[in-house]
Each structure stands twice: as structure tokens, then as C-alpha cells.
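Residue numbers (this note's numbering), protein chains in the order written: chain E, 808 to 1453; chain Z, 808 to 1453.
We treat Cβ as the ideally placed atom computed from N, Cα and C, and that holds for glycine.
Number of protein chains: 2
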Amino acid sequence: MRHGFAPAALSEPLCTRLKERRPQLAADVIRLTSLSASGHPGGSLSSLDALMLLYATINVDPKNPAMPERDRVVVSHGHISPGVYSTLADVGFFDIDEAFRGFRRAGSVFGGHIENVVPGVEWNTGNLGQGLSAGCGMAVAGRVRGYDYNVFVGMGDGEQQKGQISEARRFASRFKLSNLIAWIDVNGLQIGGATEDIMPFDLAASWRADGWNVIECDGHDFDALYGAFRSAALKQTNNPDAPTVILLRTVMGKGISFIENLAKFHGTTLNDEQAARAFAELGAENNLDALRARRTERSSNLPHHVERDTQVRLNTGPNRDYEPGTVTDCRSAYGAVLADLAALNAEDSEAWPVIGLSCDLEGSVKMNAFHAAVPDRFFEAGIAEHNTAVVAGAASISATIPFFSTFGMFGIVECYNQQRLNDQNGAAPRVVVTHCGMDVGEDGPTHQCIDYIPLAHNLFGFHLYSPADPNDADRILRYVAANHRPVFVTMGRSKLPVVTDGDGNAAFGGDYEFEPGRWPTVRPGDDAVIFAVGPMVYRAVEAAETLAAQGIGLRVVNAASLKPVDEEAILSAARQVGTLLTYEDHNVRTGLGALVSQTLGDHGVSARLKRMGVTRYGTSGKPNDLFAEQNLAPEDVVATVKALLQ
Amino acid sequence: MRHGFAPAALSEPLCTRLKERRPQLAADVIRLTSLSASGHPGGSLSSLDALMLLYATINVDPKNPAMPERDRVVVSHGHISPGVYSTLADVGFFDIDEAFRGFRRAGSVFGGHIENVVPGVEWNTGNLGQGLSAGCGMAVAGRVRGYDYNVFVGMGDGEQQKGQISEARRFASRFKLSNLIAWIDVNGLQIGGATEDIMPFDLAASWRADGWNVIECDGHDFDALYGAFRSAALKQTNNPDAPTVILLRTVMGKGISFIENLAKFHGTTLNDEQAARAFAELGAENNLDALRARRTERSSNLPHHVERDTQVRLNTGPNRDYEPGTVTDCRSAYGAVLADLAALNAEDSEAWPVIGLSCDLEGSVKMNAFHAAVPDRFFEAGIAEHNTAVVAGAASISATIPFFSTFGMFGIVECYNQQRLNDQNGAAPRVVVTHCGMDVGEDGPTHQCIDYIPLAHNLFGFHLYSPADPNDADRILRYVAANHRPVFVTMGRSKLPVVTDGDGNAAFGGDYEFEPGRWPTVRPGDDAVIFAVGPMVYRAVEAAETLAAQGIGLRVVNAASLKPVDEEAILSAARQVGTLLTYEDHNVRTGLGALVSQTLGDHGVSARLKRMGVTRYGTSGKPNDLFAEQNLAPEDVVATVKALLQ
């Protein structure tokens, strides 16, 4: 039976138990960090009481860590892993001995920064400033799924210097996420010294300015902590609709007299002699030698496994067909798919909720119809892409399907770091971005997202698809919705003709189905092969038709699956045809051309290869003019093919 | 004779002139956007009066736009380019006809978002939220170079939703940049509607919480604008040490009755009929047809050239030599170079100032000695990397040499978007980052910067160097200091032995000089060639020595110049030896291995190639254990070479 926040005060037996256990858990923090001779004891000890109070009261079940209705705890200052592991073990998520064995050892789940492969950990952190955004995402997921759980987000005070936190604060108060309760370990120190010296500002005032309730509290007094968290959880606050932050007055290194309030012990561990003194002060056993011996026996063998529902339930309906002759943009096809998904699943209470997130570009990314259909599942998140990317990622791990849409520059390039942490979390945001490539046109080089392909290839879990026309977009997006995987889908801005096969039929209409890692041939040809992507596919077809009239066969291949690539298509083209081109409106050094080139290099297959792509930052102008400026017009393809074949 | 801020009030003749010109400049905004049928009239008109007031009063010389002591104006909401071009032309930076001809046309300098190839524009913007950081960088440069110019940073109100602005605010107030004057065009609208609906918060309170003076003012009253800017410039404020922000109450579309206060006209242009109405209201000539005809004659021919001092003056002194047998880390060698630069140039008032910037990791990145030597040139910027990256970039364009150092994850991966805009600005930040690769060890996957190589290759201007040992680091860093170019220098965390040649001498000591694009051979060998980088170079040497004892010649090549690469070294090794390996602690799909592979693919040269690198996110453990986990130990090299040669 959990304690919960119903009682007016912390029950005396629980309070007594917490006080008794506190020195033992502090000793565990010292054990962990001294055993590994690395890690962060100082902040672990200043946050420890809050962690203990929370896990003793909130609705979690150590035997069922994935229980959907559980309260969530995000620890944004992930370096306090020793404090987190000690607390989680104490309430039964795992045996602390596993952490002693595995802390900061290659192959173990017990990393230096917390990861959600540890039972009880909800979200990997370590890059500071992202935890509050993750909490927002979990609160959003709870709302759309109809749970009333609370989300508790712990942060450091040095971390408050990160800008993303202000984005998350505003999102939370805009959407009245009053079940989001933040707490800050205000120990006053960061690596370089006092926070007040390094970057002074009025912390409480800045949270209030963004619409939060602010409570201050002694972070080492269990009764006070209970009162503060209870007020927040029961919404006994100035503004019950607003989220609440609790500023905890704490002491770095609390409980071990000779390290208290010393910034050095943020990241310095105690040597054996110091650890012995600490154990004596804490009344704890000095068993470092025995534990050290156990570490030589074996490391932790807890599995790298997250129990999580990844079986999407969603009716993606029949494909839409865009007939040859239609000219429209892929983003409109995207908008139609989103609207379909809303309509098709409206009556199915078991379907995973589709969520829409935009950053002041709802119209440009064509989310309007979705917004109108399911207004409570659409979140206009303002010009704040860092926060929004993490909201999407964190929502995705609670059986929802978040689509995050903005321009490619903002959703991928600007949020690369956030998408990276999403990926490490095993999250599955559907990042569907528009206005990619030189095709964005007049907005100029700042907006020309020509550099996203290697970013996707850097992230082990992400896939990357870039449709060639509205039919391709339609099929890709329905596939993406139904598959629990992090993905970038990239589109240009312009309207495109429907790509046709040699018989005049829609190349990607009818029965065509998208498959990752398979590059369909759009037009046959045996003199040269062009791998084209996105808005260059129909241009390649145009070039192929011109060449066909001159008796030259240019095979056109749609490389929409930019990750994974179709190695077989590349190698067989090289072996059978021998003359290859790549054609894209991305950086020619790092884009599709690089992928084809390195596939050849890897396999020791030689071919004549000409990469056509962007060779310098573009200027601001109409897409066709920009393409011409970079020798990327269909005429340039014709000339290049003929030169290669001479 | 400039007006300046000495007079107590705006002079009557100037005020009269501004009022007379205002409708004409508003008409120019309409001309520009209607001619190109794209662009942003609404915000251009709400910011116009502030721009006009500023350029009429501050210390700029249109005939000498690069005058070092000039006041700087940064316009962070770069989409209001029509307002900026109109104003700059009006004070004589160029003929407005050039903008009419070239606005938003491929190849012209007059982009949709402002770029500093336009005379009078200081900083390219378009990615929102970065301008205030650029202003901080310019203010820092002025301080260290002894100028007392003011920096005026204009921003939009929607843009205030970006988190980076809060980082910049705190930096500015921490370092008492009272010559930094921000102004916000509070027209109350963003693309999606009212800012108050989309993301409500207390703007004034949030600036005050970060230590700024806040002034409010009618943004369409020249006398009031003058008074507000004058108070800020003369520091007649609550806190004269603090920077000041002016909140301008404005009207989107001001001056054209039928577009005023309509969010739609943020980014929608007037058609000819609407433009005609606008010209009539403004008392301006409707010459759209004539101007349109001129656009068919020719586009703008203003050159893409920035007048800027790029001839670094700096004594980089003699190299330091680290003798064989020495074991130290590259970051200590970096710290020694920085300290040398401070000492060597202390007496030379003409030397370009070296600036140090760190984000709460001064000790880890070894900037302590530099900090102690020249405390007024060291800026501890807190845990706020986005802002700091831009500060470094913007400082670099005013004849200073900023070194920005933190962990690789934070300085490159997290700040990729900021470094990208630095690059587009022609800035030259020296981004020297440590703790890169799997070598960071126990901090785990969030901190393992294994993905930076393609990021550098995405950015056309940046170079990327990664030293193999302290001698290599010493030479690279002195080279970097003396060359005005944006660069990443990446290092691991661990101590390394001095790499030796076959004779036992330091491979990169003595007369060795670093040269971009040249990969030196460390050990000869004709059976196989291994291209290694960073902490893998000495491990490759170890493997080569093992293999040599078995009669196998493994040539070891140091690929420290990761951009540009040494294509000749790759191709000649492929042609002459034919068996190649790459060896790195980065993502094997996107790192050095990919560069070598695609060089082969590009040139149609086939070779046996084995890429050794990181194939999945690492765990948290000691570097050697992590290397072993990914089959990256020297023994793995030995086994791989033998397998390839079988």
C-alpha cells in the first residue's frame, strides 16, 4: 500500500524509516562512486532526500515498472545516478548489489548517467536541460491517454542556465500541465564554483514569469518535502491550473561533514581513507574491500531490456491515390494522411492516440485539418523546437504516436542533439519535416536544409525517408504511423507532378507499397543509372525522357529510403551498368552521393560515379534558379550523362 | 555629422526628415515584397521606425561599413529584410534600386533573410533566437579590443519563445555588457496568431529576472524611440552596469490600414491591387511595373564580398616538444599553447586578442592557466553552450581570436546549428573540444561524441583536425590560432604516449609542422595501410609493432586532418598496397571510414577496405573496456590485418 499524498502529513512510521535509511543510502552513494573511482557524489547527496521521499510516496510498483498509470520521475541531472540507483534499490526495483557490481563498467546498465534500461528509470539524461521537456512529453501522453498520473522532474541548479528549460516551462504553463511537478536541487554549486558567481539570476522570478507556481522548501527535511510535494500534487497552489516548481534548499555532499558545500565533490570521489571516515560518520559498514572483490567476480548482469509496449494499434486505412497529371506538394499529402488517421481511429478507444506538434508553422506543414479534427491532440508549441522535439520523443514511449512537424532546418538540424537523446531513449518520434533541401528557395541558406542525411546516419535507431511525390508520401507516412521507430521524413516545399512509370501510370500509386531499404526503379535503362531523391526524381525522369529520345537509356531509381539504403540496388547497378549518377538537392559531400560512393568503396566495387548535388551554400531565389546555379537542372543531368558515356 | 545621443531630444530637422521618409520607406517594403511575391511585409513595417531612428543617430559610416569603432546593429528577426534594406539604402549604404533588382533572386546578396554580404548588415540571421548571442559576442570583442561602441540587437516578439535568448540575457548581465542594447518589436503577432494565445508569458518580468533594465516605449514615435535608446546608451537606467532592453509597442503592418494587425501579413505579400492601395495611402509612387521591367534587365550586381580584416596578427612562438616516453593528454598540451599565446603577446598592443570561453568546464578543458594569465579575456559562460558558440563566432569577426572549449558533445553536436550559422557568417571560431569519441569513457553514451565528423563535412567553411598526441596537438593549435578560419579541433580525454617514428623519435616533434590535408606516415609498411586518428594512432603503432615482429608490414598513417582529407594518401595507398583499414573511436558509418570509403568510390578505385569503428552506442566504462567491447583494441587490429591478408 503506497503512502500517496492523501494524508495531511507524512506518516510517522514512514518518516522514521526514511530517516533511518538515509545514512545507509548515503553510504551506498559513497560505495558506488568510490568503487568505480568516478562519478558524482556531491549532487547525489543533495538530491537524495527528495528522491527518497518521492519513491516512498508516489504511485510506482517496483514489481511492475511499466505499469501504464504509474507516476513518472524524470531526473534531468542524470549524473546523480548514484543517488538514483541507491533509492531505486531501496524501494525494490533491483538489488543494490547489482549496482555495486556494475556501476560505470562497460556493458552494465548502471551507467554514469542514468539510462532507462535500469528498472525504475524513465528517461536517459546526461545532456543537461532536457528533462523538463521529457516531463512535458509524459504529461501530454498521460492527458491524451486519459491517465491522471503525476510527472516529477528533478533538476540541478547549474542546469537552470540552459535555455531549453525556459521553452519547457512555457509549454507546460501554456497547456496547463498542472500534473507536472518540477523540483530543483538548489545546492548553490556547479563544477566551476558557486552558481551565484558563475551565472547569477533570480531563479524564482524567472519561473514565475513563465507562469509557474513556486514553492521553496528545505530539501533535507522529509516532512517539509512531503508538504511541498503534497501541495503541488493536490494543486493547493496559487494557481491550481499551473504547474508547480519546488526550489529545494540543499547542501552539496549533505551528510558527510568534510565534503559538504565543496564544489570539488560535484565530480570527485572519495578515496578509501575518506570513504572510511564517511562510513564512520554515517554509521555504515565499511565494506569497500569486499565489494571490490565482488566486482572482480562479475559485473552486473541485469539485462539491457526495456519493458515497453511497441505494438502500435492504429488503423492506417487505405492509401490515397494521386492520379498522373496531379500537381501537389508532399506536405499536402502528409496533411491528408494525418486527417485520415484522426478520422479512421476516432471511434477506437484502444487505438494509440496520434498527437500533432508544430512550432508556429501549422499551416506550412499542413496540420490544420488534423488540428481541426482532434483539437485536444494538437499542440502548437511556439517557436521552441528544442523543447518540442523532446516532448515528441518522451510522449512516444507511452503508447502514443507523436508527429512533430516544422521545417527541416528546425526539426532535424537545430534539434539534432535532442533527436540523438530521443534515439538513445528508444523513443519513436515521427519527425516529419518540410521545406527541406534547396527546394525551400527564397528563404535562403539559413533555411536550406541540405545537411540532414548524415545526421540521420549518425543516429543508430533512426530511419530516414524522403518521398518523391504525393503517392510516395502517402504510403511512407502510413507506414511510419504504424511502425514504432524513430524516423525522419523529409519533404521539399514545392508542388510536384505525380511521378509516372514508362506506361504513364503513377509510379507509386495503386498497389505500390513502401519498404525501407528498397529502392524502386521508376524508369528502366541500361546505359547509366541515376539514383535520385525527393524533388529530383521527377526531374530525373524528365532527363531520362530527353535521353531516351536520343537513344540513351537512363535508369531512374527512387532513393526515398535514405536510411537504410538499398546496397543491392547500388552494387548491381555498378556491376551491370557501370555508370552511375546521384542527384539530390543536398550537400554533395555528405548526402545521397556519399552513401552511394561509400557503398562502392566498402565493397571494393569500382564504377564511374558522378555525384550531382549542392557544392556551396545557396543563395535566396526560386528553386529552379537555385538548382540551375548549382548545375542541378534536368538539362545538367542530360549533359552529365552524355559526358560520362563519351 | 551623425546625430548621436548627446542631445537631450531628437533634433527637429532630423525628426521631420524621418517622418517624411517613413511612408517612402514603407512603400519600399511593399515594393520589395510585391516585386518578388515573397517575403515578410508585416514585421518589416512594425520594426521600421526603430531601424530608421537607429541608423539616423548611431555611429556608422555608409562609406566605410567596416570602420572598427562603429556601432553594431544586429537584426535577429532576419526575415524583416525588406525593412532593413529600405533603411540601409536610405542612409546611403547602397542604392535601393539594387535591392529592387535583386531581392530574393538567386545569386543576389539581397536574400530573404539578411546576410552580411549586404553593406551595413553585421550578422546573418534567419534561424531565430541567435541574434542576442551575436550581440554579446560583438560586445565582448569591443571590450577586449578597447572600443566603446554600442551594440543594438533587434528581435521579434515571437522569437522570445526561443530558449537561447535566456542564455544570452544571463551572459550579458553576468559580464555587465551595458553597451548592449536590445529592442523587441512587440507587435503581438506571430505566424500562427497572437503571441499571447500561442505562448503567453510575462516578457518584461523574464528579462528583469535575468538582470536587465527594461524600458517600454511606443515603437512608432521617433521622439519616444530616441528617448528610450538614449537612456540606454547613456546608461540612465535603474542599473547602469546592466544591459537594457526596450520593449517597443508596435503594430504589425503599421502604416497600411488594411494590413495592420493581421497575422497573415507576417509572411504574405500584397498583390498589385493591394499594393496600389498601399501606395495611395502612403502617398508613394506606384512604380511596380517599371521596377518589374528593370528586374528583367538584370538582377543586383553588388558583389558577394565582406570587407573584413582576416590577417591575424599573433606571435604563436616556438613549438613545445614532448619527448618520447612522456604520457600526457592533448588537452594539457592545449592549455600550454593557450598560456603561451597569452604570455607571448602580452606586450604587443597590435596583436589580435585571444579570448577564452568555457561552459563550466574550465578545468577539464585546461583553460586555467590562460584564465589566470589574462582574466579579462576569459569568459566563463555557464552551462549555456548555444549562446557561447555564437558569442565565439560573432567575436571572431572583429579581429579577435576566440577559443571556445567544452566537451565535444556540447561544443559541436549540441551547437551544430549555431556553428552552421557561424559558418554562413564567415566567422572563425576556434572550437577546441575535449572528451571526444568513446575515449570519454564512464560518462556514457550521452557524452560519447562519436558523430562529429560528418557535421564538420556538412559545413563548407569549417576545417576539422584531431591530434594524435601532445606534439601533434601543440602544432595544430598554434596553426589554428594564426589562421582566420572556423575550425573544430577534437581531442579525447585520456592521457596518451608520445607517438614515435621507427627510430624512436617523436613522430610529431622537432621540425614537424602540421599542414591541413596532409596525412603523415608514422610507420612504413607495404602489406596493409591503416588510417588512424586521435587516440587510435598510438594503438595502431602498437599493432604495427606486433605485426612487424611477425613479418607483416602495416603502414600507419595519421589522419589528423579529418577535413580536408588527404585524397592522395588514400588513393596511392589503395593503388600501391591495396589493403586498407580505418581505425577510429567514432561511428563507423559516418566517420573517417566513410571518408576513405567514399574517396575510393568517387575515384572508381577498388581496394580491400575494412572500417574499424563504433557500431552501436557505447555503454559507460573505462575507455579500453569500451574499445574492447567494439572490437577496437590493438589486438583486434592485428587480427583484422591478418584476416585481410589471408
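- With the criterion set as a beta carbon lying under 7 Å from some beta carbon of chain Z, the members of the region 937-968 of chain E are G965, E966 and Q968, in sequence order.
- Exposed is the label assigned to P1047 of chain E, since fewer than 16 other Cβ atoms lie within 10 Å of its Cβ.
- In this chain, the alpha helix (DSSP H) harbouring M859 of chain Z covers P848 to T864.
- For K1061 of chain Z, no CB of chain E lies under 8 Å from its own CB, so it is not counted at the interface with that chain.
- Nearest to P1252 of chain E by alpha-carbon distance, out of Z:G927, Z:K826 and Z:T932, is Z:T932.
- A check of alpha carbon separations from A1188 of chain Z across Z:Q1437, Z:F978 and Z:L1416 identifies Z:F978 as the nearest.
- Contact residues of the region 1060-1092 of chain Z toward chain E are absent (C-beta to C-beta distance below 8 Å).
- If you draw a straight line from the Cα of A1381 of chain Z to the Cα of A1414 of chain E, it comes to about 15 Å.
- For H1264 of chain Z, the enclosing alpha helix (DSSP H) starts and ends at I1260 to N1265.
- Looking from the CA of R879 of chain Z, the closest CA among Z:A1201, Z:G1341 and Z:D1334 belongs to Z:A1201.
- If you check the CB distance, E974 of chain Z and Q997 of chain E do not come in under 8 Å.
- A Cβ of chain E is located within less than 8 Å of the beta carbon of T1397 of chain Z.
- Against chain Z, the beta carbon of R981 of chain E has neighbours under 7 Å at M1006 and P1007, listed in chain order.
- For K1417 of chain E, no alpha helix (DSSP H) segment is defined; the enclosing uninterrupted segment is the beta strand (DSSP E) at R1415 to V1421.
- Residues of the region 858-886 of chain Z with a Cβ closer than 9 Å to any Cβ of chain E, in chain order: G885 and H886.
- Using a Cβ-Cβ cut-off of 8 Å, F1321 of chain Z does not count as an interface residue toward chain E, since no Cβ of chain E sits closer than that to its own.
- About 7 Å separates the Cβ atoms of A1049 of chain E and K983 of chain E, confirming a contact at the 8 Å cut-off.
- For the region 1254-1280 of chain E, the set of residues with a beta-carbon nearer than 7 Å to any beta-carbon of chain Z comprises H1254, D1258, P1261, H1264, N1265 and F1267, in chain order.
- Contact between V1198 of chain Z and N1229 of chain Z does not hold, since their C-beta atoms are separated by about 10 Å, which reaches or exceeds 8 Å.
- Look at S973 of chain Z: its C-beta is under 8 Å from a C-beta on chain E.
- Neighbours of K1302 of chain Z in chain E, taken as residues whose beta carbon is under 7 Å from its own, are absent, since the nearest beta carbon is some 15 Å off.
- Following the DSSP letters along the chain, one finds S1368 of chain Z inside the beta strand (DSSP E) bounded by residues S1368 to K1370.
- A contact between stretches requires three or more CB pairs, one per stretch, nearer than 8 Å, and the region 1089-1105 of chain E fails this requirement with the region 864-881 of chain E.
- Burial of D992 of chain E is indicated by the presence of at least 16 other C-beta atoms within 10 angstroms of its C-beta.
- Exposed is the label assigned to A1179 of chain E, since fewer than 16 other Cβ atoms lie within 10 Å of its Cβ.
- When DSSP states are grouped into helix, strand and coil, E1154 of chain Z belongs to the coil group.
- Taking the C-beta atoms as reference points, A1016 of chain E is found nearer than 8 Å to D1009 of chain Z.
- Within the DSSP secondary-structure output, Q997 of chain Z pairs in a beta bridge with Z:G1000.
- A straight-line Cα-Cα distance of about 7 Å links R1330 of chain Z and V1364 of chain Z.
- In this structure, the CA atom of S1379 of chain E is about 27 Å from the CA atom of T1297 of chain E.
- The continuous stretches of alpha helix (DSSP H) do not include M1059 of chain Z, and DSSP gives it neither H nor E.
- Excluding the 5 residues flanking it on each side, R1227 of chain Z has same chain C-beta neighbours closer than 7 Å at L1266, in chain order.
- Under DSSP, A1313 of chain Z forms a beta bridge with Z:T1307.
- Among the bridge pairs identified by DSSP, R1330 of chain Z is matched with Z:V1363.
- For the pair S1106 of chain Z and V916 of chain Z, the Cα-to-Cα distance works out to about 10 Å.
- Annotation for E1088 of chain E: I1063 and S1064 place their beta carbon closer than 7 Å to its own, counting only its chain and skipping 5 residues before and after.
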